[in-house]
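A quick write-up on the structure given underneath.
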Amino acid sequence: MSRPIPGHVGYACSYTPLALVLASGFTPYRVLPVTSGPDQAGLHLHDNLCPHVKRILDRALAGDLPDMAGMIFMNSCDPMRRLADAWTKVKGGNVAMVDLPVNGLSRSVDFFARELGRLAGILESWGGDPVTPKRLASGIAATNEIANALAGLENHPPCGLGGSVIYEAYTACATSPPAEALAFVKGIVGSRSTSMADSDAPKVFVFGNVLVGSEAINLIEACGARVALEDTCMGSRMFRRMEMAEGEVSFTALARAILSGKACARTFDPARPGGIALDMLEAARGCGARGAICHTAKFCDPYLSRLPHIREVFRKEGMPLLVLEGDCTARSIGQHSTRIEAFLEMLR
Amino acid sequence: MLGQYFESLESGILSSIEKDGGKASPRKLYALEIARLGRRLYDGGHKVAWCGVAAPFDLLNAMGLTSCFVEFVGAMLASTGMAGNIIEQADHWGYSSDACSYHRSVTGAALAGLMPVPEILVGTTCPCTGGLGVIENLARHFGKPLFVLNIPQNDTVEDVRYLADQLRDLVGFASGHTGIPFDQERLTRAIENTNAARELFVEIFDLASRVPSPASSKDLNNFMISLALLLGTRECVDLARAFKDEFARRVETGSAGVKGEEIRLLWIQNRIQFKNPIEKMLEDEFRACIVIDELNDIYWDPIDPDDPFEGIARRCILIPFNGPSSRRIEHLKKLALTYRVHGAINPCNWGCRQGTGMRGLIEAGLREVGVPVLNLEVDCVDDRKFTEGQFRTRIEAFMEMIGSNRSSRRDS
Ligand code: SF4
Ligand code: SF4
């Protein structure tokens, strides 16, 4: 059931400038594609759109949302644009569509900085505070604090927590005010002693886009894997540490940090076409993984078009890769358990 | 394979024109120019740029680059019946069958060595995410430099300037990588050609909107989407003039594109690219004519030939596929009313998140102006999935519905 959380602004993409939302006095609330509401999005969105956007629309249609001052959409891909269109039509209210270049070249940074300035004005018109440099600096500091706390979990001494625990923390941080988020993370550190140091479970690197909630990672771990690192849009890509001195804080600096931070397949450097394949390989090697699992939402064009090359590179470089497609439910991961088990068997 | 195809297409059309004493219908001249473009792409004697759909082709033509959006290859493979086999190559590489078949066929063609190696590639973020992914793949496959145009969603002064600045960067990029120096004079002439063609297009579309329309369903099939490739050239102006003159003649003589025109239709997005009986069936059995295609419209202003970058940028931004669906739907409504259509057909190309994704929204929007939409679930490139019987049933039912709507309106 939804509970009223005043002062929240919804968002649906990891490129959303969370620091800016915090700077305007709102709490960013990630509308996760998880709902027990009926499947009704098909009335407005074609079946060939990813389940990520369809489930978010289902939440809007079922009224399965907390009170929110408005909803921010990033122009990350065709389905996100279509979701913004459909959301505007079926739910109305305050909606902001923020343009998002596909690269971090200087012109793109300047353009995106202007978009961030425009978003600041929109948030103010929704009842938020004016985003002054000082407020922006504190928004960035708050985001960094969460990012640091989460990074602390990833490197939890001496051995690291289970991936599902970390994922749980990401999800909590994406939907709670900063103070609550931090308390949650600290609580995990204090209460769990899950040590996987001695585990001989093969380490895997999990990457892709929408992997919802800790159950998904749980299921992968239950199949016998140790998730050493993940790079997904509801995990480590959501909170980016933004290195900038206080005097440097500006929309431009924020734009640069977002566009040059961890990227999903929709963002790329034209000078390095296909670079995502090498980046993911390096990440897999860097965390000592014996193999990698790429999980994507079905019908996701950014990944559909890059996956054949990613597969090719992993094959050539001898890094085992399992590609899974899902519909944003833990059930769909569950359906893949035999394949995951077989894959892990091969890694042992 | 495709190179030979274009070459023999060109020579075949030329000899048939010769046989007819130099006379040719505008549609034949159109086919000739498309064949010539295809030949230039494939003959190895021209510098090629593979692009996204929203690339500025007049600018690239003025730079001496034979440029083309990659989806053109998919359409050509479909029209020659070769798409299915080529798509299989992409499938073997692991390209998902959930992706758009334009992109699957282009990918297959590149893997099969059927795409000429370009000098550069120019990706565009509009119209679709999948298209940009393919261009990135091709840049890697060919090992050639890639430039990406981020096309903003809005046409504010700042957004137009952002794109115009990228276009200026593109000139430097293209020149640097191809060794072709930028010639302002040549660009000015190209833009003058664009503007001259634009004026003629306005007249063509005005004539096509008459009742009955002088255009048959086939006359303006793939028209603007293909002619965008020739923008900036003399050939484009000549071709536009040929269409305008022919339509003016038909209007004057009262000769309709479809004899006894009964039903007027709007076609959304692109046509089905492989040979199919739909247009003929519409015309022969229902005296229904596709009088307007979504992209057959002039939605941009004349461009300043001496300082064209802002004007070109605005044209790219205003392509109906860009921006929110509300803008696209307003455009469709405007076309529906201007052309006095009785219904619209939306071929929902499987794999197209951009266009097919908004199917429901388009249908609701056109309903507001009393225009029913027939959504055809189809793959516009891969004919292996096409089942004529199913389409026939759906079209018959739709035509009947339009017919009874019209007679009940007449009765009331
Ligand atoms: S899952 Fe893919 S297609 Fe869907 S919203 Fe995310 S990036 Fe876009
Ligand atoms: S049909 Fe859709 S996805 Fe395919 S090329 Fe056209 S706009 Fe892109």
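Line by line, the protein sequences are chains U and V.
Residue 1 is where the first sequence starts when you use our numbering, and the numbers rise one by one after that.
Residue 1001 is where the second sequence starts when you use our numbering, and the numbers rise one by one after that.
Backbone N, C-alpha and C fix where the C-beta goes; we use that ideal spot for every residue, glycine too.
Source: prediction; values computed, not measured.
Item checked: Selection from U:12, U:32, U:257 that minimises the alpha carbon distance to residue 329 of chain U -> As a position in the first sequence, residue 329 of chain U is number 329, starting the count at 1. Checked all of U:12, U:32, U:257; the closest Cα to residue 329 of chain U is U:32.
Notebook entry, point to check: Going along chain V, which residues have a C-beta under 9 Å from residue 17 of chain U?
Noted result: Here residue 17 of chain U refers to the residue found at position 17 when the first sequence is read from its first residue. Chain V residues near residue 17 of chain U: none, gap ~17 Å exceeds 9 Å.
Next item on the list: Indicate whether at least one CB of chain V lies closer than 9 Å to the CB of residue 89 of chain U.
Entry: For this step, residue 89 of chain U is matched to residue 89 along the first sequence. Chain V contact via Cβ: present.
Checklist line | Nonlocal neighbours in the same chain, by C-beta distance under 8 Å from residue 1405 of chain V, ignoring five residues either side | finding: For this step, residue 1405 of chain V is matched to residue 405 along the second sequence. Excluding residues within five positions, the ones whose Cβ falls inside 8 Å are 1342, 1372.
Margin query: Are the CB atoms of residue 1355 of chain V and residue 1269 of chain V within a distance shorter than 9 Å?
Written below: The residue labelled residue 1269 of chain V in the question sits at position 269 within the second sequence. The residue labelled residue 1355 of chain V in the question sits at position 355 within the second sequence. Yes; because the gap between Cβ atoms is below 9 Å, this pair is in contact.
Notebook entry, point to check: If contact means a Cβ-Cβ distance below 8 Å, which residues of the segment 293 to 304 of chain U contact chain V?
Noted result: 298, 299, 301, 302, 304
Checklist line | Segments assigned beta strand (DSSP E), at least 3 residues, entirely inside the segment 1135 to 1184 of chain V | finding: 1146 to 1149
Notebook entry, point to check: Is there a Cβ from chain V that is less than 9 Å from the Cβ of residue 14 of chain U?
Noted result: Stepping through the first sequence from its first residue, residue 14 of chain U is reached at position 14. So no, residue 14 of chain U is outside the interface.
Checklist line | Beta-ladder partner(s) of residue 46 of chain U, from DSSP | finding: Taking the first sequence and counting its residues from 1, one reaches residue 46 of chain U at position 46. According to DSSP, residue 46 of chain U bridges with nothing at all.
Next item on the list: Flag this pair as touching only if the segment 1244 to 1257 of chain V and the segment 1210 to 1222 of chain V have three or more C-beta atom pairs under 8 Å; answer yes or no.
Entry: yes
Next item on the list: With distances taken Cα to Cα, identify the nearest neighbour of residue 1115 of chain V among V:1163, V:1051, V:1231.
Entry: Mapped onto the second sequence, residue 1115 of chain V falls at position 115. Among V:1163, V:1051, V:1231, the Cα nearest to that of residue 1115 of chain V belongs to V:1051.
Next item on the list: Say yes only if the C-beta of residue 1127 of chain V is nearer than 8 Å to one or more non-hydrogen atoms of ligand 1, and no if none qualify.
Entry: For the purposes of this step, residue 1127 of chain V is taken as residue 127 along the second sequence, with counting starting at 1. Answer for residue 1127 of chain V: no, Cβ out of range of ligand 1.
Note to self: Can you find the residues in the same chain that come closer than 7 Å, C-beta to C-beta, to residue 1260 of chain V, ignoring five residues on each side of it along the sequence?
What the structure shows: In the second sequence, the residue the question calls residue 1260 of chain V occupies position 260. 1287.
Next item on the list: For residue 100 of chain U, verify whether its CB is less than 8 Å away from any heavy atom of ligand 1.
Entry: Counted from its first residue, the first sequence places residue 100 of chain U at position 100. Every heavy atom of ligand 1 is 8 Å or more from the Cβ of residue 100 of chain U, so no.
Item checked: residue 1028 of chain V in three-state terms, based on DSSP -> As a first step, residue 1028 of chain V is located in the second sequence; it is residue number 28 there, counting from the start. If DSSP states are grouped into helix, strand and coil, residue 1028 of chain V belongs with the helices.
Next item on the list: State the start and end residues of the unbroken alpha helix (DSSP H) segment that holds residue 1282 of chain V.
Entry: By 1-based counting over the second sequence, the position of residue 1282 of chain V is 282. Per DSSP, residue 1282 of chain V belongs to the alpha helix (DSSP H) from 1278 to 1286.
Checklist line | chain V contacts made by the segment 32 to 56 of chain U, where a contact means CB separation under 7 Å | finding: 43, 44, 45, 46, 48, 49
Note to self: Quick check for students: name the residue ranges of the beta strand (DSSP E) that lie wholly in the segment 1322 to 1364 of chain V, counting only runs of 3 or more.
What the structure shows: Counting whole runs of 3 or more residues, the segment 1322 to 1364 of chain V contains the beta strand (DSSP E) stretches 1343 to 1349.
Margin query: Taking 7 Å as the limit between beta carbons, can you name the residues of its chain near residue 181 of chain U, skipping five residues before and five after?
Written below: Locating residue 181 of chain U in the first sequence gives position 181, counting from the first residue. 146, 172, 173, listed in sequence order.
Notebook entry, point to check: Given a threshold of 16 other Cβ atoms within 10 Å of its Cβ, counted over all protein chains shown, does residue 178 of chain U qualify as buried or as exposed?
Noted result: Translated into positions along the first sequence, residue 178 of chain U becomes position 178. Residue 178 of chain U is buried by the Cβ-count criterion.
Next item on the list: Could you check how far apart the C-beta atoms of residue 1042 of chain V and residue 1094 of chain V are, in whole angstroms? I think they sit under 8 Å.
Entry: Along the second sequence, one-based indexing puts residue 1042 of chain V at 42. Along the second sequence, one-based indexing puts residue 1094 of chain V at 94. So it is not a contact: roughly 27 Å between Cβ atoms.
Check: Between which two residues does the beta strand (DSSP E) carrying residue 293 of chain U extend?
Finding: Locating residue 293 of chain U in the first sequence gives position 293, counting from the first residue. Per DSSP, residue 293 of chain U belongs to the beta strand (DSSP E) from 291 to 297.
Notebook entry, point to check: What are the residues of the segment 97 to 117 of chain U that lie near chain V, defined by any Cβ-Cβ distance shorter than 8 Å?
Noted result: 97, 99, 101, 102, 103, 107, 108, 110, 111, 114
Notebook entry, point to check: Using Cβ-Cβ distances below 7 Å, what residues of the segment 260 to 282 of chain U are close to chain V?
Noted result: 266, 268, 270, 273, 274
Margin query: Using a Cβ-Cβ cutoff of 7 Å, what residues of the segment 1056 to 1069 of chain V are near chain U? List them in chain order.
Written below: Here the close residues number zero.
Notebook entry, point to check: When DSSP labels each residue in this structure, what does residue 133 of chain U get in the three-state scheme?
Noted result: The residue given as residue 133 of chain U occupies position 133 in the first sequence. The answer is helix: DSSP assigns residue 133 of chain U an H, G or I state.
Check: Are the beta-carbon atoms belonging to residue 1294 of chain V and residue 1331 of chain V less than 9 Å from one another?
Finding: Here residue 1294 of chain V refers to the residue found at position 294 of the second sequence. Here residue 1331 of chain V refers to the residue found at position 331 of the second sequence. Yes, the pair counts as a contact, with Cβ atoms nearer than the cut-off.
Next item on the list: Go ahead and pull the three-state DSSP assignment for residue 144 of chain U.
Entry: Within the first sequence, the letter at position 144 stands for residue 144 of chain U. Helix.
Next item on the list: Compute the beta-carbon to beta-carbon distance between residue 1402 of chain V and residue 1361 of chain V, rounded to the nearest angstrom, for a pair I have assumed lies under 8 Å.
Entry: On the second sequence, position 402 is the one that residue 1402 of chain V refers to. On the second sequence, position 361 is the one that residue 1361 of chain V refers to. 21 Å between Cβ atoms; not a contact.
Margin query: To be precise: take each residue of the segment 61 to 91 of chain U, compare its Cβ to all Cβ atoms of chain V, and keep it if any distance is under 8 Å. Which residues remain?
Written below: 75, 77, 78, 79, 81, 82, 84, 85, 86, 88, 89
Checklist line | Span of the alpha helix (DSSP H) around residue 1092 of chain V | finding: Residue mapping note: residue 1092 of chain V aligns to position 92 of the second sequence, counting from 1. Its alpha helix (DSSP H) spans residues 1083 to 1093.
Margin query: Give me, in chain order, the residues of the same chain whose beta-carbon lies closer than 6 Å to that of residue 1348 of chain V; leave out the 5 immediate sequence neighbours on both sides.
Written below: Taking the second sequence and counting its residues from 1, one reaches residue 1348 of chain V at position 348. The answer, listed in chain order, is 1356, 1359, 1375, 1377.
Next item on the list: Figure out for me which residue from V:1072, V:1019, V:1091 has the closest Cα to the Cα of residue 309 of chain U.
Entry: Your numbering for residue 309 of chain U matches position 309 in the first sequence. That would be V:1091, whose Cα lies nearest to the Cα of residue 309 of chain U.
Next item on the list: Kindly indicate which three-state DSSP category residue 221 of chain U falls into: helix, strand or coil?
Entry: Locating residue 221 of chain U in the first sequence gives position 221, where the first residue counts as 1. Correct three-state label for residue 221 of chain U: helix.
Note to self: Is any non-hydrogen atom of ligand 1 found closer than 8 Å to the C-beta of residue 76 of chain U, if you look at the structure I gave you?
What the structure shows: Walking along the first sequence from the start, residue 76 of chain U turns up at place 76. Residue 76 of chain U Cβ: within cutoff of ligand 1.
Check: Is the shortest distance between the beta-carbon of residue 221 of chain U and the beta-carbons of chain V less than 9 Å?
Finding: Walking along the first sequence from the start, residue 221 of chain U turns up at place 221. Closer than 9 Å: no.
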